[in-house]
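Chains as they are written, first to last, in this note's numbering: chain A, 56 to 186; chain B, 4 to 511.
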Amino acid sequence: MATPAKIALQEARLLFSLSMEGGVVSPERVAGVLEYVEKHRPASPTAVLKAYHRLIAAELAKSEAVIEHAGSIGEPVLAAIAAVMSKRYDRKVTAKAKPNPELLAGMRVRIGDDVYESSVAAQLAALAASV
Amino acid sequence: MSTVLEQIEQQIAKLSNKAVKKNTGTIRTVADGVAKIDGLSDVMYNEMVQFPGGAIGIALNLEQDEVGCVILGDISQLKEGDEVTTTGKLLSVPVGKALLGRTVDSLGNPVDGKGPIETKEYYPVEKIAPGIIVRKSVSQPLFTGIMAIDSMIPIGRGQRELIIGDRGTGKTTITIDTIINQAKINKVGIASGDPKFRPVYSIYVAVGQKNSNIVRTIAALEAAGALEFTVIVAAAAADNPANQYLAPYSGAAMGEWFMENGMDALIVYDDLSKHAVAYRQISLILKRPSGREAYPGDVFYLHSRLLERAARLEGKGSLTALPIIETLAGDVSAYIPTNVISITDGQIFLETDLFNQGIRPAVSVGLSVSRVGSAAQIKATKQVGGKLKGELAQFRELAAFAQFGSDLDAKTKAQLERGGRIVELFKQPAFAPLPIELQVAVLFAMQKGFFEAVELRKVVEAAASLKAFFTGRKDALLADIRTKAVLDKDLEAKLQAACEEWKASYAS
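If you want it as structure tokens, here you go:
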């Protein structure tokens with residue numbers, strides 16, 4: 056017999072699949088799903104919505120490249136990274152800059168679960184680990 | 004010239020500036036050494052993942068939205084939201100001769116305070132067992148030094164022989180005796196300078212044992228001078244279940260190195276009951292469906308894939324496995340015991356009743372078997388001990404019937420007398436394995452009736468005297484038996500004469 060947590064996850068997956076249009080998250084559909092949940096409350100609405108939130112957030116992260124950088128970064132660089140990532144992941148990817156002085160120099164691009172690391176801080180950490 | 008160098012330098016610079024791709028996830032929950040992780044979409048089954056603070060995990064459950072990992076190491080610093088990264092590597096442990104004489108944990112890290120282990124080679128902890136083509140049938144003996152086993156339940160190099168019995172029946176003692184015996188044989192063989200001599204290295208894997216017991220085992224091996232040929236893999240009861248689950252596989256990887264490099268190794272898993280319990284704990288926390296006795300469905304595969312790694316390989320070495328299983332109230336038909344019995348090539352069953360009667364090692368001849376049989380025995384042992392198992396089984400049957408009546412015919416009485424003497428003769432103290440040549444000499448004396456005149460209660464004493472006589476005064480004869488490994492007419496005559504000489508001196 057399925058546990059309440061499992062049932063909530065199954066319902067969230069169903070809502071998630073209803074929120075997709077053409078392989079991407081559709082804001083209109085999300086709004087529709089939330090309206091439906093408001094009207095027809097599931098057995099454990101908080102658990103369902105939390106799981107739904109997690110699934111949507113993970114999906115949205117796949118289409119947004121968060122570029123952490125130390126020092127300044129120009130629009131052309133952001134656009135170039137977005138173009139490369141769009142090609143690599145075969146979907147439209149937007150780029151968002153996020154300053155992070157802890158990197159010392161270089162940048163870190165995070166898209167979904169993947170992280171592309173090209174920072175001095177990471178190289179120093181790797182060096183420290185190997186010594 | 005300088006342009007060429009600049010080009011190469013530029014290429015190196017390009018490489019070092021290349022972005023490193025990592026696949027990451029975040030910890031959702033951590034409980035009892037198991038973490039549930041969101042993300043890690045590229046993780047492979049059994050891949051090592053890196054947790055913050057240096058802890059390592061292994062991905063065991065790959066689900067639609069999350070990954071279940073067992074954590075090896077300190078979990079006290081981990082918290083929800085921490086980032087976890089994939090490594091692209093399978094868990095590996097250091098292997099090689101540098102591990103001999105050392106005690107390591109399930110990751111191969113030294114825990115004996117003797118400094119770092121200098122080894123460059125690593126073997127994966129999980130490995131597919133050798134296939135059919137590369138295997139060779141078991142035909143070389145592996146002497147345990149225990150007369151009851153070497154003469155009736157012989158073990159061969161590359162065999163898997165289960166040691167099963169209730170708690171406190173001497174299961175560990177048998178394996179330690181075997182390890183000590185290998186060390187003794189190694190020392191004699193290496194000293195002889197025989198180029199054909201193949202030493203046997205031992206790996207003792209302690210799973211879920213008390214630290215005090217592990218220390219006692221190490222001390223016994225050290226006292227017997229066997230530690231220098233032995234690797235100890237310790238995953239004590241206080242270690243987390245993930246380490247206990249991995250320890251036998253780590254030990255197997257270390258043993259495989261010897262096998263792959265043309266050497267012979269012996270591995271003791273002490274014990275697989277606790278290993279199954281640790282795996283059950285992990286599986287229940289991972290919410291895998293549970294079956295009989297709450298063990299997960301793949302508990303058979305847990306042990307079969309481990310024990311299948313013991314083999315004798317064509318053109319290479321061998322790995323002999325001695326797994327231990329602890330039974331409850333002698334119940335060999337429980338879940339884990341029946342599983343392991345069906346996987347192994349035989350079992351040595353130890354009985355509490357025999358142990359309490361003072362028959363030690365408490366080997367139950369009726370329930371013990373070696374499926375390799377006499378293929379793993381030297382001819383001399385076959386000559387003197389070929390019929391012993393049958394005789395002893397018959398004795399036990401007769402002894403059970405004899406309890407009900409006192410009127411026994413002469414033949415039955417004689418059989419009982421002889422059986423009683425064999426039982427006495429097989430009594431052996433712990434940590435004192437007997438060389439095979441001495442076993443042959445004692446069994447020869449028994450077959451030729453040299454103990455018939457000795458009172459039953461004095462057979463142990465007489466056997467000790469005979470052993471001392473042979474070791475002290477017939478060293479050359481023992482060496483002859485060892486090298487020839489068969490009793491020809493000349494050796495038989497010499498043995499007969501020696502036994503008569505002993506009888507004369509013992510009677511006086």
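Think of the CB as a built atom: it goes at the ideal place given N, C-alpha and C, for glycine as much as any other residue.
Can you give me the C-alpha to C-alpha distance between Leu-94 of chain B and Thr-355 of chain B, rounded to a whole angstrom?
Within the second sequence, residue 94 of chain B is the residue found at index 91, counting from 1. Within the second sequence, residue 355 of chain B is the residue found at index 352, counting from 1. Roughly 40 Å separates the two Cα atoms.
How big is the Cα-Cα spacing for Ser-293 of chain B and Val-218 of chain B?
Reading the second sequence from its first residue, position 290 is the one you call residue 293 of chain B. Reading the second sequence from its first residue, position 215 is the one you call residue 218 of chain B. So the two alpha carbons sit approximately 35 Å from each other.
Smallest Cα separation from Ala-1 of chain B: which of B:Gly-111, B:Glu-296, B:Val-96 and B:Ile-206?
The structure shown does not extend to residue 1 of chain B, since chain B is modelled only from 4 through 511, so no value can be given for it.
Which whole-angstrom value describes the C-beta separation of Leu-289 of chain B and Asn-64 of chain B, a residue pair presumed to lie in contact below a C-beta threshold of 8 Å?
Along the second sequence, one-based indexing puts residue 289 of chain B at 286. Along the second sequence, one-based indexing puts residue 64 of chain B at 61. Rounded, the Cβ-Cβ distance is 5 Å, consistent with contact.
Answer yes or no: does any C-beta atom of chain B fall closer than 8 Å to that of Glu-157 of chain A?
By one-based count along the first sequence, residue 157 of chain A stands at place 102. Chain B contact via Cβ: absent.
Across which residues does DSSP place Arg-163 of chain A in a beta bridge pair?
For the purposes of this step, residue 163 of chain A is taken as the residue at position 108 of the first sequence. Looking at the DSSP assignment, Arg-163 of chain A forms a beta bridge with A:Glu-123 and A:Glu-172.
Applying a beta-carbon distance threshold of less than 9 Å, which residues of chain A neighbour Thr-355 of chain B?
Counting from one through the second sequence, the residue named residue 355 of chain B turns up at place 352. For a Cβ distance threshold of 9 Å, nothing in chain A lies close to Thr-355 of chain B: the least Cβ distance comes to about 42 Å.
By the 8 Å beta-carbon criterion, what residues does the segment 22-50 of chain B contribute toward chain A?
Correct list: Ala-22, Val-23, Lys-24, Lys-25, Asn-26, Thr-27, Gly-28, Asp-41, Gly-42, Leu-43, Ser-44 and Asp-45.
Alpha-carbon spacing of Leu-469 of chain B relative to Ile-61 of chain B, whole angstroms
Counted from its first residue, the second sequence places residue 469 of chain B at position 466. Counted from its first residue, the second sequence places residue 61 of chain B at position 58. For Leu-469 of chain B and Ile-61 of chain B, the distance between alpha carbons rounds to 56 Å.
What are the start and end residues of the beta strand (DSSP E) that includes Lys-139 of chain B?
Start at 1 with the first residue of the second sequence, and residue 139 of chain B comes out as number 136. Bounds of any beta strand (DSSP E) do not take in Lys-139 of chain B, whose DSSP letter is neither H nor E.
Enclosing beta strand (DSSP E) for Lys-39 of chain B [first to last residue]
Here the question's residue 39 of chain B lines up with position 36 in the second sequence. Start and end: 37-42.
Thr-32 of chain B classed as buried or exposed, judged by whether at least 16 other C-beta atoms fall within 10 angstroms
For the purposes of this step, residue 32 of chain B is identified with residue 29 of the second sequence, where counting begins at 1. So Thr-32 of chain B counts as exposed.
Report the start-end ranges of each beta strand (DSSP E) in the segment 327-378 of chain B that is 3 residues or longer and not cut off at the edges.
DSSP runs (the beta strand (DSSP E)) wholly in the segment 327-378 of chain B: 349-353.
From Val-164 of chain A to Asp-41 of chain B, what does the alpha carbon distance come to, in whole angstroms?
Position 109 of the first sequence, counted from the first residue, corresponds to residue 164 of chain A. Position 38 of the second sequence, counted from the first residue, corresponds to residue 41 of chain B. Each residue's Cα considered, the two are about 19 Å apart.
If I'm right that Met-51 of chain B touches Lys-25 of chain B with Cβ under 8 Å, what's the distance once you round it to whole angstroms?
Indexing the second sequence from 1 puts residue 51 of chain B at position 48. Indexing the second sequence from 1 puts residue 25 of chain B at position 22. About 13 Å separates the beta carbon of Met-51 of chain B from that of Lys-25 of chain B, a gap too long to meet the 8 Å contact definition.
Using a C-beta cutoff of 8 Å, does Asp-334 of chain B count as contacting chain A?
Reading the second sequence from its first residue, position 331 is the one you call residue 334 of chain B. Judged by the 8 Å Cβ criterion, Asp-334 of chain B is not in contact with chain A.
Do you know how far the Cα of Thr-89 of chain B is from the Cα of Ile-183 of chain B?
Working through the second sequence from its first residue, we reach residue 183 of chain B at position 180. Working through the second sequence from its first residue, we reach residue 89 of chain B at position 86. In this structure, the CA atom of Ile-183 of chain B is about 42 Å from the CA atom of Thr-89 of chain B.
For His-278 of chain B, tell me which candidate among B:Glu-259, B:Gly-265, B:Arg-291 and B:Ser-253 has the shortest Cα-Cα distance.
To locate residue 278 of chain B, count along the second sequence from 1; it is residue 275. Of B:Glu-259, B:Gly-265, B:Arg-291 and B:Ser-253, the residue nearest in Cα terms is B:Ser-253.
Which residues in chain B have a C-beta closer than 8 Å to the C-beta of Asp-170 of chain A? List them in chain order.
Within the first sequence, the letter at position 115 stands for residue 170 of chain A. Correcting the residue identity first, residue 170 of chain A is Val in this sequence and not Asp. Residues of chain B with a Cβ closer than 8 Å to the Cβ of Val-170 of chain A are, in chain order, Lys-24, Lys-25, Asn-26, Thr-27 and Thr-88.
Considering only the alpha carbon of each residue, which of B:Glu-420, B:Asp-85, B:Ala-365 and B:Arg-374 lies closest to Gln-431 of chain B?
Counting from one through the second sequence, the residue named residue 431 of chain B turns up at place 428. The shortest C-alpha separation from Gln-431 of chain B is found at B:Ala-365.
Where Ile-131 of chain B sits in the DSSP three-state scheme:
Position 128 of the second sequence, counting from 1, holds the residue named residue 131 of chain B. If DSSP states are grouped into helix, strand and coil, Ile-131 of chain B belongs with coil.
Ala-177 of chain A versus A:Gly-161, A:Asp-168, A:Asp-169 and A:Gly-167, residue with shortest Cα-Cα distance:
Locating residue 177 of chain A in the first sequence gives position 122, where the first residue counts as 1. When each option's Cα is compared against that of Ala-177 of chain A, the closest is A:Gly-161.
For Glu-455 of chain B, verify whether its CB is less than 7 Å away from any heavy atom of the ligand PLP.
Looking at this structure, you won't find the ligand PLP or any other ligand, since it has none at all.
Along the chain, where does the beta strand (DSSP E) that runs through Leu-165 of chain B open and close?
To locate residue 165 of chain B, count along the second sequence from 1; it is residue 162. Counting along the chain, the beta strand (DSSP E) containing Leu-165 of chain B begins and ends at 165-168.
Cβ of Asp-85 of chain B less than 8 Å from any chain A Cβ?
Sequence index remark: in the second sequence, residue 85 of chain B carries index 82 (1-based). Cβ-Cβ to chain A under 8 Å: no for Asp-85 of chain B.
Just reading off the beta strand (DSSP E) that Ser-205 of chain B is part of, what are its end residues?
In the second sequence, counting from the first residue as 1, residue 205 of chain B sits at position 202. Per DSSP, Ser-205 of chain B is one residue of the beta strand (DSSP E) stretching across 203-210.
Taking the CB atoms as reference points, tell me whether Leu-110 of chain A and Ala-67 of chain A lie closer together than 8 Å.
Within the first sequence, residue 110 of chain A is the residue found at index 55, counting from 1. Within the first sequence, residue 67 of chain A is the residue found at index 12, counting from 1. Yes, the Cβ-Cβ distance between Leu-110 of chain A and Ala-67 of chain A is below 8 Å.
Pairwise C-alpha distance: Val-463 of chain B and Gly-423 of chain B
Counting from 1 along the second sequence, the entry for residue 423 of chain B is found at position 420. Counting from 1 along the second sequence, the entry for residue 463 of chain B is found at position 460. Each residue's alpha carbon lies about 11 Å from the other.
Pro-326 of chain B: buried (16+ other C-beta within 10 angstroms of its C-beta) or exposed?
Locating residue 326 of chain B in the second sequence gives position 323, where the first residue counts as 1. Counting every other CB atom within 10 Å of its CB across the protein chains shown gives Pro-326 of chain B a total of 16 or more, marking it as buried.
How would you list, in chain order, the residues of chain B whose beta-carbon sits under 8 Å from the beta-carbon of Ser-72 of chain A?
Reading the first sequence from its first residue, position 17 is the one you call residue 72 of chain A. Those do not exist, as Ser-72 of chain A stays about 12 Å from chain B at its closest Cβ, beyond 8 Å.
Can you give the Cα-Cα distance for Pro-131 of chain A and Lys-39 of chain B, rounded to whole angstroms?
In the first sequence, the residue the question calls residue 131 of chain A occupies position 76. In the second sequence, the residue the question calls residue 39 of chain B occupies position 36. The straight-line gap from Cα to Cα measures roughly 39 Å.
Exposure of Tyr-91 of chain A, with buried meaning 16 or more beta-carbon neighbours within 10 Å:
Residue numbering aside, residue 91 of chain A sits at position 36 when the first sequence is read from its first letter. By the 10 Å Cβ count, Tyr-91 of chain A comes out exposed.
Which of helix, strand or coil DSSP assigns to Ala-240 of chain B
If you number the second sequence from 1, residue 240 of chain B lands on position 237. DSSP places Ala-240 of chain B in the coil class of the three-state scheme, outside both helix and strand.
Can you grab the Cα-Cα spacing for the pair Gly-361 of chain B / Cys-502 of chain B, in whole Å?
As a first step, residue 361 of chain B is located in the second sequence; it is residue number 358 there, counting from the start. As a first step, residue 502 of chain B is located in the second sequence; it is residue number 499 there, counting from the start. Whole-angstrom Cα-Cα distance: 27 Å.
Who are the near neighbours of Ala-152 of chain A in its chain, counting only those whose CB is closer than 8 Å to its CB and skipping five residues on each side?
Taking the first sequence and counting its residues from 1, the one referred to as residue 152 of chain A is at position 97. Same-chain partners within the cutoff: Ile-122, His-124, Ile-128 and Leu-133.
Can you confirm whether the segment 324-343 of chain B touches the segment 167-176 of chain B when touching is taken to mean that 3 or more C-beta pairs between the two stretches lie within less than 8 Å?
Counting Cβ pairs under 8 Å, three or more are found: they touch.
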